[in-house]
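Protein chains in written order, with full-length UniProt numbering: chain B, 1 to 125; chain W, 1 to 125. Scroll down for the structure; my scribbles are underneath it.
Number of protein chains: 2
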Amino acid sequence: MPKTLPLLEDASPICCDPLGASATLSLDDAMALAVRLKALADPTRLQLLAYLLAQPNQEACTCDLAPIVKLSEPTVSHHLKKLETSGILTKERHGMSVHYRVVPEAIHAIARTLDAGTLDLSGVL
Amino acid sequence: MPKTLPLLEDASPICCDPLGASATLSLDDAMALAVRLKALADPTRLQLLAYLLAQPNQEACTCDLAPIVKLSEPTVSHHLKKLETSGILTKERHGMSVHYRVVPEAIHAIARTLDAGTLDLSGVL
DNA sequence: CCACCTTCTTGACATATATCAAAGAGGTGG
DNA sequence: CCACCTCTTTGATATATGTCAAGAAGGTGG
């Protein structure tokens, strides 16, 4: 008999109803959205993205992007890869250099999900 | 004489113009936006937020939120604090319990910044 | 094939983050 | 004041992430 009043042995706090109902956002969906937001949630990547958005065709090569953020090229390459694998950029070889281009729909889809008021994921997955 | 052809000793790659011009997004601005996006970029916090958004007044107490994500209360408290210090939630004591409430304008401002096409920060800072 | 340019991968390291158990802080009610 | 409830802080730990140097990979041009 460890406690003075066992009361509800298992759990169930008193302050509020269980209502463990609707998870509203499954863990899978939450992780999928989090991956995309994580890709954006870094100052370096935001600077790279802002630069790309400001270019005529929203594209640039790595050698243009590295000086912008004043980091080593391997580091910039790492960031660009993260943006690419999240679907925010596409990459394309042009001769020796590689051009990264913005995928505006990807950013739009994330913005719309946030603005929907319910974190609805339709259109993002 | 380490190299066969020194050429351009300092730097300046050949592939593209320097054009180191417009940074388009200052490091300060990029960090400010990154802090807000980082607050959202976690599956647990997205689930908490989705639950709050689905509540009548977009608010709930910690004891409601912990069972939703199946994590310990200290951990949930940590996540809620991160959302609060990013301006995405507000907190308010009601007797023994603490109620967290969504600040829709904060989420809206982030969504608008992403959707603007230039990562313009007006309205977010 | 060789020298060179651009980009990427690997390995190493420091920092940041998510998580929990234990203890503290704030509040209610006998 | 004391027992209890709710929530947060602290300390510890494991994992993830950002960064660079060094070297590899892909491509161009003599």
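Cβ atoms here follow ideal geometry from the backbone N, Cα and C, with glycine treated the same way.
Rounded separation between residue i and residue j - CA only
i          : j          : result
Ile-110(B) : His-99(W)  : 28 Å
Thr-90(B)  : Arg-36(B)  : 14 Å
Glu-84(W)  : Thr-118(B) : 18 Å
Cys-61(B)  : Leu-27(W)  : 21 Å
Glu-105(B) : Ala-39(B)  : 15 Å
His-79(B)  : Leu-49(B)  : 10 Å
Ile-68(W)  : Ile-68(B)  : 43 Å
Asp-64(W)  : Arg-101(B) : 43 Å
Met-96(B)  : Lys-82(W)  : 44 Å
Leu-52(W)  : Gly-87(W)  : 15 Å
Arg-93(W)  : Lys-70(W)  : 23 Å
Arg-112(B) : Thr-75(B)  : 30 Å
Thr-24(B)  : Ala-54(B)  : 37 Å
Ser-77(W)  : Val-103(W) : 18 Å
Ile-29(B)  : Asp-29(W)  : Going by the sequence as given, residue 29(B) is Asp instead of Ile. Asp-29(B) and Asp-29(W): Cα-Cα distance of roughly 29 Å.
Neighbour flag for residue i against chain B, beta carbons, 7 Å
i          : result
Ile-107(W) : yes
Leu-89(W)  : no
Lys-70(W)  : no
Thr-24(W)  : yes
Leu-53(W)  : yes
Ala-21(W)  : In this prediction, Ala-21(W) scores a pLDDT of 47, lower than 50, which makes its location untrustworthy; the coordinate-derived value is nonetheless stated afterwards. Not closer than 7 Å to any Cβ of chain B, the Cβ of Ala-21(W) fails to qualify, so no.
Any C-beta of chain W under 7 Å from that of residue i
i          : result
Asp-120(B) : no
Gln-47(B)  : yes
Lys-81(B)  : no
Tyr-100(B) : no
Leu-37(B)  : yes
Pro-43(B)  : yes
Leu-65(B)  : no
Supposed close pair residue i, residue j - CB separation, criterion 8 Å
i          : j          : result
Leu-114(B) : Ile-107(W) : 6 Å
Glu-73(B)  : Ala-66(B)  : 5 Å
Pro-43(B)  : Met-31(W)  : 5 Å
Leu-33(B)  : Leu-46(W)  : 6 Å
Ala-41(B)  : Ala-41(W)  : 4 Å
Residue i CB to nearest heavy atom of the ligand HEM below 6 Å
i         : result
Leu-40(B) : You won't find the ligand HEM in this model; it holds no ligand whatsoever.
Residue ranges of each alpha helix (DSSP H) within the UniProt domain "HTH arsR-type" (25-122) of chain W, 4 or longer
27-40, 43-54, 62-69, 73-85, 104-115
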